[in-house]
Amino acid sequence: KWIKPVQNIFLFKQRSCLLLLLVMSNLLLCQGKLCPSCGPDVSDTSLTSLRDVFTDANRLSHDFHNLSRIIFSEFDEKYAHGKQYHIRSTKSCHTDPYNIPEELEIALHTNNEDLTVWTLVLLYAWNNPLYYLANEVPNVKGVSVAILLRIIEMKNISDKLQEFIQDQFSKSIVPVLQKMHDTRTTWSGLSSLTSSDEDRRHSEFYNLFYCLRRDSLKVDMYIKILYTELSKEC
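Written out as structure tokens, the structure reads:
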């Protein structure tokens, strides 16, 4: 059952270069112009200025996903080798109730407002887990310093991405909060992370790192698509 998410990750990696090429080509066409219809809060934004902002966002979202991929791989190799943690991880991501798609084809046919909402929902939904990972992991045996440092870096990147989207698309914040309120789902894995039962603790870490990798891929994909679509409308 965990083959499908892996296939989707490979599919996105194969097409991410195309998305980046579209971004750069649109920037060359639109450089120096205004963007009259590119989004809810950027109607008078210079494309040169927007390019700089989204260049940073693209870099951040790429680093965000890359760090999650490294964290998952390191944990899987060091702690989960030969274990069956993947059986649980494919069914219990705390963001599942939001029904945010991971398929590239669906995202490519989604309007800018929904892409923005999806991105913010995912980032907001990971605030608590990343906070507790960064603050509780140091007190848990069996997790390397390298993983801890990467988690802290991911938390900092998430904060920057949220600030970027909130600044550029502030009108999306209310729909995001409404969607989260209506869905009423929260992360409840802290007790497992701090459990004295090593197998339970490692299982929760595996599950969380798996879900973080999956959702960070969505964030990276949505930001790349969003910028491509916005720059087309200049």
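Mature numbering (1 follows the signal peptide of the UniProt record, and there is no 0) puts the sequence shown at residues -32 to -1, 1 to 202. Just so you know, even glycine gets a beta-carbon here, dropped at the ideal spot from N, CA and C.
Using the Cα positions of residue i and residue j, report the straight-line distance between them to the nearest angstrom.
| i | j | result |
| --- | --- | --- |
| Cys61 | Glu81 | 24 Å |
| His149 | Tyr66 | 11 Å |
| Phe22 | Asp135 | 12 Å |
| Trp155 | Lys192 | 27 Å |
| Tyr190 | His170 | 30 Å |
| Ser163 | Glu45 | 21 Å |
| Leu194 | Glu166 | 41 Å |
| His33 | Thr151 | 25 Å |
| Lys51 | Ala25 | 36 Å |
| Thr63 | Asp20 | 31 Å |
Using C-beta distances below 8 Å, list every residue in its chain close to residue i, excluding the 5 sequence neighbours before and after it, in chain order.
| i | result |
| --- | --- |
| His30 | Asp188 |
| Ala114 | Glu42 |
| Glu104 | Leu158, Leu161 and Thr162 |
| Lys147 | Tyr66, Val85 and Val89 |
| Asn96 | Thr154 and Trp155 |
Looking at residue i: is its Cβ nearer than 8 Å to the Cβ of residue j?
| i | j | result |
| --- | --- | --- |
| Leu161 | Phe173 | yes |
| Val144 | Tyr100 | no |
| Ile133 | Leu88 | yes |
| Ile68 | Trp94 | no |
| Asp183 | Leu90 | yes |
Kindly list the residues whose CB is nearer than 6 Å to the CB of residue i, restricted to its own chain and excluding five residues on each side of it in sequence; keep chain order.
| i | result |
| --- | --- |
| Ala102 | Ile119, Ile120 and Lys123 |
| Leu180 | Ser36 |
| Ile39 | Ile115, Arg118 and Phe177 |
| Tyr47 | His170 |
Exposed or buried, residue i, counting other C-beta atoms within 10 Å across all chains shown (16 or more means buried)?
| i | result |
| --- | --- |
| Arg168 | exposed |
| Glu197 | buried |
| His49 | exposed |
| Thr153 | exposed |
Considering only residues of the same chain and omitting the five flanking positions on each side of residue i, which have a CB-CB separation below 7 Å?
| i | result |
| --- | --- |
| Leu28 | Ile125, Lys128 and Leu129 |
_Check whether the stretch 128 to 141 and the stretch 81 to 93 touch, using three or more Cβ-Cβ pairs below 8 Å as the test._
Between the stretch 128 to 141 and the stretch 81 to 93 there are three or more C-beta pairs closer than 8 Å, enough to call the two in contact.
*Does the stretch 121 to 131 come close enough to the stretch 68 to 79 that 3 or more CB-CB pairs lie under 8 Å?*
For the pair of segments examined, the stretch 68 to 79 was found not to touch the stretch 121 to 131: the number of CB pairs separated by less than 8 Å stays below three.
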